[in-house]
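This report concerns only the one structure given below.
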C-alpha cells in the first residue's frame, strides 16, 4: 500500500523512526519521495500491521502543528542503553507516561551526548524530568558500586 501525506512535514523522517516502525510491526516501510510537496510512504506487510503503521503515521502527521517543542537532555553515552532498556521497554514506559518521543543519537550524529524529547511543551518537559531522574538513579548506583 502507498500512502500520500499531503501535509509537507520537513521533520517527518526525524519524528518517525521508520526502522523502529518496521521492527515493531513486521512491515517494510519506506519514504519514497523526499523534497517533494508531500511525502509518499510505501508500507508492505500483513494488512493489520499496515493499518497500524498508517494510523501511527497519520497521528504523527496530524499532531505536527501542535508539537513544536524539543527538550534536550545531556547524558554520557554509557547510560543510553539503560535508559532505552531491554527491547526498548524503559523508553516505551516514558513514552506511555508522557506522550513525548525521545530521540537518541546514532553513530552519525556529532553530539552523541544529547537526547531530544519531542512533543508538546508539557510532555517534553515531563519526559526530560523523567529521563534526568533515571540518569541520576543510574549515577547513584554507579557511586554505590565504587
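Residue numbers (the UniProt record's numbering): 1 to 146. Virtual Cβ for every residue (Gly too), placed ideally from N, Cα, C. What you are looking at is a predicted structure, and each value in this text was computed from that prediction instead of being measured.
Option in 99, 98 and 113 with minimal Cα separation from residue 105: Position 105 of the chain shown holds residue 105. Among 99, 98 and 113, the Cα nearest to that of residue 105 belongs to 113.
Alpha helix (DSSP H) segment containing residue 132, residue limits: If you number the chain shown from 1, residue 132 lands on position 132. Note, residue 132: alpha helix (DSSP H), 121-145.
Where residue 89 falls, given that 16 or more other Cβ within 10 Å makes a residue buried: In the chain shown, the residue the question calls residue 89 occupies position 89. Burial call: exposed.
Euclidean distance between Cα positions of residue 142 and residue 135: For the purposes of this step, residue 142 is identified with residue 142 of the chain shown, where counting begins at 1. For the purposes of this step, residue 135 is identified with residue 135 of the chain shown, where counting begins at 1. Looking at the two C-alpha atoms, the distance is approximately 11 Å.
CA-to-CA distance, residue 119 to residue 80, given in whole angstroms: Here residue 80 is taken as the residue at index 80 of the chain shown, counted from 1. Here residue 119 is taken as the residue at index 119 of the chain shown, counted from 1. Using only the alpha carbons, I get a separation of about 20 Å.
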